[in-house]
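Input: a single structure, listed below in C-alpha coordinates.
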Amino acid sequence: MVNSEKVTELGKLVKKLVDGMSRDEKAASWWAWRGNNFVEALKLNAISNSSLIEAMAFACGNIRNTETGFLVKEAFAEKMAEMALSDTDAFDLVMKITALNLEGNHDTPASWRTLAAAALLNQITRPQTRGRSRAEYWKRDVLILHALRGAKQIGLPISHSVGSKNLSGVKLVGAAFKKAGQRMMTEEAIVKVWTNRKKSGLEVEANKLELAAATFQLAEVEAPNGSKQ
(Lines of atoms letter the chains of each structure in order from A and count residues from 1; the text may use other names and numbers.)
(Lines give C-alpha, C1' and ligand atoms only; values in the text may rest on other atoms or scores of the structure.)
Protein backbone atom coordinates (compact mmCIF):
# COMPACT_ATOMS: atom_id res chain seq x y z
CA MET A 1 0.00 0.00 0.00
CA VAL A 2 1.27 3.48 -0.92
CA ASN A 3 2.21 5.45 2.20
CA SER A 4 3.07 9.17 2.03
CA GLU A 5 4.95 8.93 5.34
CA LYS A 6 7.28 6.37 3.77
CA VAL A 7 7.86 8.73 0.84
CA THR A 8 8.88 11.47 3.28
CA GLU A 9 11.18 8.99 4.99
CA LEU A 10 12.80 8.11 1.68
CA GLY A 11 13.30 11.82 0.95
CA LYS A 12 15.13 12.25 4.26
CA LEU A 13 17.39 9.29 3.44
CA VAL A 14 18.25 10.80 0.07
CA LYS A 15 18.94 14.23 1.61
CA LYS A 16 21.26 12.66 4.17
CA LEU A 17 23.19 10.91 1.39
CA VAL A 18 23.67 14.00 -0.80
CA ASP A 19 24.41 16.62 1.88
CA GLY A 20 27.92 17.92 1.35
CA MET A 21 28.23 16.62 -2.22
CA SER A 22 29.54 18.88 -4.97
CA ARG A 23 27.35 19.56 -8.01
CA ASP A 24 29.38 17.11 -10.06
CA GLU A 25 28.89 14.42 -7.41
CA LYS A 26 25.16 15.17 -7.29
CA ALA A 27 24.99 14.90 -11.08
CA ALA A 28 26.75 11.53 -10.96
CA SER A 29 24.25 10.41 -8.30
CA TRP A 30 21.37 11.55 -10.51
CA TRP A 31 22.65 9.47 -13.41
CA ALA A 32 22.98 6.40 -11.20
CA TRP A 33 19.63 6.91 -9.48
CA ARG A 34 17.39 8.25 -12.27
CA GLY A 35 19.32 9.28 -15.37
CA ASN A 36 20.30 5.90 -16.80
CA ASN A 37 16.83 4.49 -16.18
CA PHE A 38 15.36 7.64 -17.76
CA VAL A 39 17.43 7.04 -20.91
CA GLU A 40 16.17 3.47 -21.14
CA ALA A 41 12.57 4.69 -20.70
CA LEU A 42 13.04 7.27 -23.48
CA LYS A 43 14.36 4.58 -25.82
CA LEU A 44 11.41 2.36 -24.94
CA ASN A 45 8.99 5.23 -25.51
CA ALA A 46 10.50 5.89 -28.95
CA ILE A 47 10.39 2.34 -30.30
CA SER A 48 7.23 0.86 -28.83
CA ASN A 49 3.69 1.80 -27.96
CA SER A 50 4.38 1.47 -24.25
CA SER A 51 1.95 2.60 -21.59
CA LEU A 52 2.78 5.18 -18.95
CA ILE A 53 2.95 2.42 -16.32
CA GLU A 54 5.50 0.56 -18.46
CA ALA A 55 7.59 3.65 -19.16
CA MET A 56 7.65 4.64 -15.48
CA ALA A 57 8.51 1.08 -14.45
CA PHE A 58 11.72 1.38 -16.45
CA ALA A 59 12.32 5.02 -15.44
CA CYS A 60 12.08 4.12 -11.74
CA GLY A 61 14.23 0.99 -12.10
CA ASN A 62 11.43 -1.38 -11.13
CA ILE A 63 12.11 -3.27 -14.37
CA ARG A 64 15.59 -3.52 -15.88
CA ASN A 65 16.62 -4.99 -19.20
CA THR A 66 19.71 -7.15 -18.58
CA GLU A 67 21.67 -9.89 -20.31
CA THR A 68 19.67 -12.40 -18.28
CA GLY A 69 16.29 -11.01 -19.28
CA PHE A 70 13.98 -8.43 -17.72
CA LEU A 71 14.55 -8.22 -13.96
CA VAL A 72 11.49 -7.18 -11.97
CA LYS A 73 11.59 -6.00 -8.36
CA GLU A 74 9.49 -8.26 -6.19
CA ALA A 75 7.42 -5.57 -4.47
CA PHE A 76 6.61 -4.00 -7.83
CA ALA A 77 5.75 -7.40 -9.32
CA GLU A 78 3.26 -8.12 -6.55
CA LYS A 79 1.58 -4.73 -6.96
CA MET A 80 1.31 -5.12 -10.74
CA ALA A 81 -0.11 -8.64 -10.35
CA GLU A 82 -2.84 -7.18 -8.16
CA MET A 83 -3.51 -4.25 -10.52
CA ALA A 84 -3.52 -6.46 -13.63
CA LEU A 85 -6.91 -7.89 -12.70
CA SER A 86 -8.58 -4.50 -13.17
CA ASP A 87 -6.11 -2.25 -15.06
CA THR A 88 -5.47 -2.71 -18.80
CA ASP A 89 -1.98 -1.20 -18.79
CA ALA A 90 -0.85 -3.30 -15.82
CA PHE A 91 -2.26 -6.44 -17.47
CA ASP A 92 -0.45 -5.68 -20.74
CA LEU A 93 2.83 -5.01 -18.93
CA VAL A 94 2.68 -8.29 -17.00
CA MET A 95 1.86 -10.30 -20.14
CA LYS A 96 4.51 -8.56 -22.27
CA ILE A 97 7.42 -9.01 -19.86
CA THR A 98 6.38 -12.58 -19.03
CA ALA A 99 6.23 -13.47 -22.73
CA LEU A 100 9.62 -11.88 -23.49
CA ASN A 101 11.28 -13.65 -20.55
CA LEU A 102 9.65 -16.94 -21.53
CA GLU A 103 10.91 -16.55 -25.11
CA GLY A 104 14.44 -15.96 -23.82
CA ASN A 105 14.19 -18.73 -21.21
CA HIS A 106 14.64 -16.23 -18.34
CA ASP A 107 13.13 -16.10 -14.85
CA THR A 108 9.88 -14.23 -14.27
CA PRO A 109 8.11 -13.41 -10.97
CA ALA A 110 5.92 -16.31 -9.87
CA SER A 111 2.83 -14.10 -9.56
CA TRP A 112 3.24 -13.02 -13.20
CA ARG A 113 3.64 -16.61 -14.41
CA THR A 114 0.43 -17.50 -12.57
CA LEU A 115 -1.45 -14.64 -14.25
CA ALA A 116 -0.11 -15.55 -17.70
CA ALA A 117 -1.16 -19.17 -17.20
CA ALA A 118 -4.64 -18.07 -16.09
CA ALA A 119 -4.95 -15.88 -19.20
CA LEU A 120 -3.91 -18.76 -21.49
CA LEU A 121 -6.50 -21.02 -19.82
CA ASN A 122 -9.18 -18.31 -20.28
CA GLN A 123 -9.62 -18.08 -16.52
CA ILE A 124 -9.03 -14.32 -16.65
CA THR A 125 -9.43 -11.81 -19.49
CA ARG A 126 -7.83 -8.49 -20.36
CA PRO A 127 -9.62 -5.68 -18.46
CA GLN A 128 -11.53 -3.13 -20.52
CA THR A 129 -9.79 0.18 -21.24
CA ARG A 130 -11.14 3.02 -19.15
CA GLY A 131 -10.66 6.79 -19.15
CA ARG A 132 -9.87 9.32 -21.86
CA SER A 133 -6.87 9.20 -24.17
CA ARG A 134 -3.96 11.47 -23.31
CA ALA A 135 -2.20 14.10 -25.40
CA GLU A 136 0.50 12.85 -27.77
CA TYR A 137 3.43 13.86 -25.54
CA TRP A 138 1.78 13.20 -22.15
CA LYS A 139 3.84 10.11 -21.33
CA ARG A 140 7.10 11.76 -22.39
CA ASP A 141 6.34 14.83 -20.28
CA VAL A 142 5.55 12.75 -17.17
CA LEU A 143 8.97 11.09 -17.61
CA ILE A 144 10.62 14.52 -17.95
CA LEU A 145 8.91 15.76 -14.79
CA HIS A 146 9.97 12.63 -12.91
CA ALA A 147 13.60 13.17 -13.97
CA LEU A 148 13.56 16.87 -13.05
CA ARG A 149 12.10 16.16 -9.63
CA GLY A 150 14.88 13.66 -9.05
CA ALA A 151 17.45 16.38 -9.75
CA LYS A 152 15.70 18.74 -7.36
CA GLN A 153 15.52 16.07 -4.66
CA ILE A 154 19.31 15.64 -4.64
CA GLY A 155 19.88 19.39 -4.41
CA LEU A 156 20.43 20.51 -8.00
CA PRO A 157 18.62 23.58 -9.36
CA ILE A 158 15.94 22.88 -11.94
CA SER A 159 17.16 25.45 -14.47
CA HIS A 160 20.15 27.70 -15.15
CA SER A 161 20.70 31.16 -16.56
CA VAL A 162 21.30 31.54 -20.29
CA GLY A 163 24.89 30.71 -21.20
CA SER A 164 25.65 29.23 -17.79
CA LYS A 165 27.77 26.10 -17.63
CA ASN A 166 26.49 25.19 -14.17
CA LEU A 167 24.77 21.84 -13.85
CA SER A 168 20.99 21.82 -13.51
CA GLY A 169 18.11 19.40 -13.87
CA VAL A 170 17.30 20.82 -17.30
CA LYS A 171 20.88 20.28 -18.52
CA LEU A 172 20.91 16.70 -17.22
CA VAL A 173 17.56 15.86 -18.79
CA GLY A 174 18.70 17.40 -22.08
CA ALA A 175 21.85 15.26 -21.97
CA ALA A 176 19.72 12.17 -21.31
CA PHE A 177 17.63 12.85 -24.42
CA LYS A 178 20.81 13.09 -26.50
CA LYS A 179 22.12 9.87 -24.95
CA ALA A 180 18.85 8.20 -25.96
CA GLY A 181 19.41 9.39 -29.55
CA GLN A 182 16.64 12.00 -29.39
CA ARG A 183 18.41 15.25 -30.28
CA MET A 184 15.36 17.34 -31.15
CA MET A 185 14.37 18.00 -27.52
CA THR A 186 15.33 21.56 -26.52
CA GLU A 187 16.07 22.92 -23.05
CA GLU A 188 13.25 25.44 -23.57
CA ALA A 189 10.76 22.58 -24.03
CA ILE A 190 12.05 20.85 -20.89
CA VAL A 191 11.66 24.08 -18.88
CA LYS A 192 8.11 24.43 -20.23
CA VAL A 193 7.19 20.98 -18.87
CA TRP A 194 8.33 22.09 -15.40
CA THR A 195 6.66 25.52 -15.59
CA ASN A 196 3.30 24.10 -16.70
CA ARG A 197 3.35 20.98 -14.51
CA LYS A 198 0.42 22.02 -12.31
CA LYS A 199 -1.80 23.56 -14.98
CA SER A 200 -1.33 20.61 -17.32
CA GLY A 201 -2.16 18.00 -14.67
CA LEU A 202 1.26 16.37 -15.05
CA GLU A 203 2.10 16.89 -11.39
CA VAL A 204 -0.95 14.96 -10.18
CA GLU A 205 -0.07 12.03 -12.47
CA ALA A 206 3.60 12.06 -11.45
CA ASN A 207 2.66 12.23 -7.75
CA LYS A 208 0.60 9.04 -7.97
CA LEU A 209 3.31 7.13 -9.79
CA GLU A 210 6.16 8.41 -7.62
CA LEU A 211 4.33 7.62 -4.38
CA ALA A 212 4.17 3.99 -5.48
CA ALA A 213 7.78 3.98 -6.74
CA ALA A 214 9.11 5.51 -3.52
CA THR A 215 7.28 2.91 -1.45
CA PHE A 216 8.98 0.14 -3.45
CA GLN A 217 12.39 1.86 -3.12
CA LEU A 218 12.06 2.29 0.63
CA ALA A 219 11.09 -1.36 1.02
CA GLU A 220 14.32 -2.24 -0.76
CA VAL A 221 16.39 0.04 1.50
CA GLU A 222 14.77 -1.47 4.59
CA ALA A 223 15.29 -5.10 3.51
CA PRO A 224 17.12 -6.97 6.27
CA ASN A 225 20.70 -8.19 5.72
CA GLY A 226 20.89 -6.41 2.38
CA SER A 227 18.37 -8.77 0.77
CA LYS A 228 16.18 -7.46 -2.06
CA GLN A 229 12.45 -7.16 -1.75
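12 is the number of the first residue of the sequence shown in this note's numbering; add one for each residue after it.
For glycine and all other residues, C-beta sits at the position ideal for the given N, C-alpha and C.
Could you check the C-alpha separation between residue 151 and residue 134 for me, to the nearest Å? Distance between the alpha carbons of residue 151 and residue 134 is about 35 Å.
Count the other C-beta atoms from every protein chain shown that fall within 10 angstroms of the C-beta of residue 50, then say buried if there are 16 or more, exposed otherwise. Counting other Cβ atoms within 10 Å of its Cβ, residue 50 reaches 16 or more and is therefore classed as buried.
Neighbour-count burial assignment, residue 219, 16 or more Cβ in a 10 Å radius: Counting Cβ neighbours within 10 Å, residue 219 comes out exposed, since fewer than 16 surround it.
Rounded to whole angstroms, what is the Cα-Cα separation between residue 176 and residue 167? Rounded to whole angstroms, residue 176 to residue 167 spans 13 Å at the Cα level.
Leaving out the 5 sequence neighbours to the left and right, which residues in its chain are closer than 7 Å to residue 94 when beta-carbon positions are compared? Same-chain partners within the cutoff: 101.
What would DSSP say about residue 164, mapped onto helix, strand or coil? DSSP places residue 164 in helix when its eight states are reduced to three.
Could you check how far apart the C-beta atoms of residue 92 and residue 131 are, in whole angstroms? I think they sit under 8 Å. With a Cβ gap of about 16 Å, residue 92 and residue 131 do not count as contacting.
Can you check the segment 65-141 for any beta strand (DSSP E) of at least 3 residues that lies completely inside it and give the ranges in chain order? Counting only runs of 3 or more residues that sit fully inside the segment 65-141, the beta strand (DSSP E) segments are 74-77, 80-83, in chain order.
Let's see if you can read the secondary structure: which residues bound the alpha helix (DSSP H) around residue 183? Looking at the DSSP string, the run of the alpha helix (DSSP H) that includes residue 183 is 180-190.
Take every Cβ of the segment 178-187, pair it with every Cβ of the segment 155-169, and state whether three or more of those distances are shorter than 8 Å. Yes, the segment 178-187 touches the segment 155-169.
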